[in-house]
Each structure stands twice: as C-alpha cells, then as structure tokens.
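In this note's numbering, the protein residues as written are 13 to 566.
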C-alpha cells in the first residue's frame, strides 16, 4: 500500500493538526500541571484539532472543491508535517522548563523530570476514547442521512440528518449522562454534609445557631455550617491577642436541608439574628457561601480579630455542589438565596435609627461572591447605602464585576483596573493593597480581591477563538511570561485550570491568603485603633496557623 493509500484510511492532515494543538497544549497557562492533567489536555487538544479538520475537509468535499491527489498530496502532507513535528519536539523539550518557571513563581518545588512517556500514554488514551465517540456520532449521522435520503433529496437528508444527530447527542449527554452524573454528585455531596464526628454535640451556648434555644436545626445545618459556627475565635482568644476586652463573635448559618424554600431559610436566618442580637453589633456582614456551603475561615477569623469580636455574620446555604458545578447547573439557586437574605436583612437594617444600626457589609468568595453581587440592589440602596462589600475571587460571569471592568480608566490593567479614580470601587491582589494609591475612599467601599493567576476570575468563554484582554497586557508576577494564546487550546487550558484552581499554595490561583484578607478588611471596614503594626502582628499570628483551620472547599 503506498503512502496515499494509507492516508485514505488514516487521514494525515487531521492527525497533523491534532499534533500541532497537542504541542501547543504543553505551553504554560495559569495553574501548574502535572503528568496526568497535561496528558488529558494534550489528548483533548489533539482530538479537537482532528475533529475540526475532518469537519473542514468534509465541508470542502461537499462543496466539490478540487483536492490534491497522488504524489502532490503526499508532498503537501510532508511539507506540513515537517514544521508540525519540529514544533512538537520543541514544545516537548521546553515543557518541563515552562512548568517549573510557573511553579517557582508560586513557591512550589520543581518537577525533577518531565515524564514525556506517561504524558503521551494518557494523551493517546484520551484521544482514542474521544475518537471512538466521534466515530459513533458519525455512524449515527450516516445512518440518519441514509434513511432520510430514501424519502427526500440527498442534500436535504444531509442537513436534516445533521440536525437530528445533534439533537439526539444533546439529549443523551445533557438530559441523560450529565443529569445522571449531576444527581449522583448532588447525593454524594449532600451525604458528605453530615460526615461529622458522632461525639460532636450541638452548641451549649444559647446564642449559637443549633443550640437548644435556636430555631435552626443542628442536624440540618450540614458540615460546612457546623464548622463555621464552632471554629471561630472566642472572645478570650481575641482579647488575649489584642490586649483589650472582646465580645463573642456571632455566626448565624442556615443549612440547605432546613427548608426547600430560600425565602423560608432567609426568614429563619433573620429570626435568629434578632434572637441573638446581631443588629446590636458594630459590624454586620451578610455573606454568601461557596457552592458547597463552605465559609473561608481566613476571612471571617481575621475580621473578628480586627474588631474585637464585635461582629455578626449571617449566611444561608443554597447548594451542595462544588462551585464550578453549581455555577453551571444550579445558577439560580445561589442568586435567589442571596437576594432573599439580603432583602430581609437590608429592610430590617434600613428601618433602624441611624445612630443605632451596625455598619453593614456584603461578602463572598468564589460563587458566593457572584451571588452576593447579584443581591447588591443599587435601586433599593440608593437612599440608604450600605457601608461596603468585599468580594474575593469573583467568577467571570459576575455582572457587576464585568460592568466595573468595562468602566475602567484607559491605561489601567485589566487584572487590576482603576474605576472612577477609586472613589467607590477598588481592586486588590497579593501584590497590590487597596490603599496603594493614597487617595481618599468614599463612604461606601466596594473591593474586588483577585489574583491574576485565578482562572475562576479570568476564564474567558471567547478564548476559543479570541485572545483575552489580560493576555495582551504585561504579565502579573504570579503569571508565566511564557503564557501565550492559541485558538481552541487556550480555551482547553483555562478549562483545566478551572478544575485545578484551588490546587495552588495560598496566595495564588483561587486559594486566597489570610494576609490579603487582612489588608482587604482593614481597608474596607477601618477598624478602630488599627494601624500597619497591628496588621503585621495579625499576619504573623495567622502565619502560625491559628486562624486557618478549614480545607479549601469552594
């Protein structure tokens, strides 16, 4: 069999394009990758390149455009193969250095070896699985169009067959496998909510949710809520650190299992707030948890230390799923819950006399940040504005965040914009504090805390075909200078980064460090008697692990 005969059985051009995209997938993105994820990424990139090229060739033939044949075709394939293979070998040779450069920026140990063989095996396995799935879909299309061609013209049969095939694949994947997987995940995450030590009893303190005097059920609160309620700093610990009297911080949390209606859960939270005197505190925070219901202890512990425990925080769970899954499949759940809670709390707060009500702030991280932003009703708050908001790691679809970015001043970087001279909205990162400009901040202070290496923030759906704005700018210190844009591949890289966004050390990716929360909260809330010396003492205190006690579960 000559080279051209083999090419008819195993099309060469689609394989070459697939190898080119696989090579591009070896370049660095936002999150460091190990052997397995790099293999998955390379295999998916190769399959995508192969599929798209096959589609273009099929379209080319259907339009009856002439194609090269015989020796001319072999020569053209060889002409394309040489630069593709050169690019592949170049990327393989530099892959370890690219990953180690990124790991060094994040304080991770270097990869001793780049296991190219293991990566290739995983990539080939992923490619073959996707290739077989593609063959099955193509077989379904051929079956449909041939059956239809018995009754209608061939071209109409092809179009209708393609449409029916797409509908069937969508039904099987979305309404079949995806929904089944989602239900299984929801059940497993729901079960995990109750995996607590059997000897952990409800709180004895009457002012804590889940106690015998509380209308909130301890059994229905779930593990994230119980951890949040039990693990905060005590008044004694706060007083010992600050050297002055402190109050017991109030933490109110209502679990998703408490009631199926978000309005009922919000009403129960408000009832508990009134019972324990949350509106009598100096600082009141309406917070939205992540998808699983997790509350980042690095944030809340630091705030309570800053204000001598004179803080009340309220949150209501809306999902059991990890944030990426909840973002896609339970979009409205978090938005509805945050809106219901904020409306009730705000109405009660706004009805209080000015000199008796606490300072009111909104807060959330990850998906909680997005849902909290959704509850920020500017029309409701125009006459009686809240005191501020701290939103950490805002997900890329967040409307308010996107609106603020669109209003950034010319010349300010996309990853840390300046909006209206920073009079209301500001941005911070691990390299840039909220008060770095030295300018006055207004009565209401809104802060977006975001790391340039956080794919939850900087994922872009249009990266499939268009270079994101932040890629065209000078790279932040936690982003590899070798990061570059490749159509299709960049989208796949960012998707893998999303899945691994919390695998980084604290201070990078989607893993926000307590020291950055301290800078953020001190700038937004201005604690009394607080200065840089106090901030550094608290950062040192946190650095020994006293305030960080929960695994990242966003």
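Yeah, the Cβ is synthetic: ideal placement off N, Cα and C, and Gly gets one too.
Keep in mind the model is a prediction, meaning the values are calculated, not measured.
Next on the checklist: Does residue 403 come out as helix, strand or coil in the three-state DSSP assignment?
Outcome noted: strand
Item to check | Meets three-Cβ-pair contact criterion under 8 Å: the region 497-506 and the region 515-528 | outcome: no
Checklist entry - Do residue 138 and residue 56 have their C-beta atoms closer together than 7 Å? => result yes
Checklist entry - So residue 310 and residue 440 are in contact, right, with Cβ under 8 Å, and what is the actual spacing, rounded? => result Their Cβ separation, rounded to whole angstroms, is 15 Å, which puts residue 310 and residue 440 out of contact at 8 Å.
Checklist entry - CA-CA distance, residue 24 and residue 380? => result Cα to Cα, the separation comes out at about 48 Å.
Checklist entry - Between 397, 291, 135, 320, which lies nearest to residue 252 when the distance is taken from Cα to Cα? => result 320
Checklist entry - Taking C-beta to C-beta, are residue 281 and residue 299 nearer than 7 Å? => result no
Next on the checklist: Just verifying my parser: in three-state terms, what is the DSSP assignment at residue 265?
Outcome noted: DSSP places residue 265 in strand when its eight states are reduced to three.
Checklist entry - Would you call residue 438 buried or exposed, if buried means 16 or more other Cβ atoms sit within 10 Å of its Cβ? => result Result: buried.
Next on the checklist: By the DSSP assignment, the beta strand (DSSP E) with residue 304 in it spans what residues?
Outcome noted: Segment: none, residue 304 is in no beta strand (DSSP E) and carries neither H nor E.
Item to check | Cβ distance (whole Å) where residue 401 is taken to contact residue 375 below 8 Å | outcome: 7 Å
Checklist entry - For the region 102-115 against the region 35-50, are there 3 or more C-beta pairs whose distance is under 8 Å? => result yes
Item to check | Neighbour-count burial assignment, residue 354, 16 or more Cβ in a 10 Å radius | outcome: buried
Item to check | Short Cβ contact (7 Å threshold) for residue 237 with residue 261 | outcome: For residue 237 and residue 261, no; Cβs fall outside 7 Å.
Checklist entry - Nearest to residue 276 by alpha carbon, out of 225, 348, 231, 96? => result 348
Checklist entry - Run through DSSP, which three-state label would residue 461 get? => result strand
Next on the checklist: On a Cα-Cα basis, can you pick out the residue from 45, 46, 60 that is closest to residue 31?
Outcome noted: When each option's Cα is compared against that of residue 31, the closest is 60.
Next on the checklist: So, does the region 419-429 touch the region 381-393, judging by three or more C-beta pairs under 8 Å?
Outcome noted: no
Item to check | Closest residue to residue 551 among 540, 534, 541, 538 (Cα-Cα distance) | outcome: 534
Checklist entry - Whose CA, out of 483, 487, 458, lies closest to the CA of residue 443? => result 487
Checklist entry - CA-CA distance, residue 29 and residue 184? => result 29 Å
Checklist entry - Starting from residue 416 and walking both ways along the alpha helix (DSSP H), at which residues does that stretch end? => result 411-418
Item to check | From 483, 406, 419, residue whose alpha carbon lies closest to that of residue 460 | outcome: Shortest Cα-Cα distance from residue 460 to any of 483, 406, 419 involves 406.
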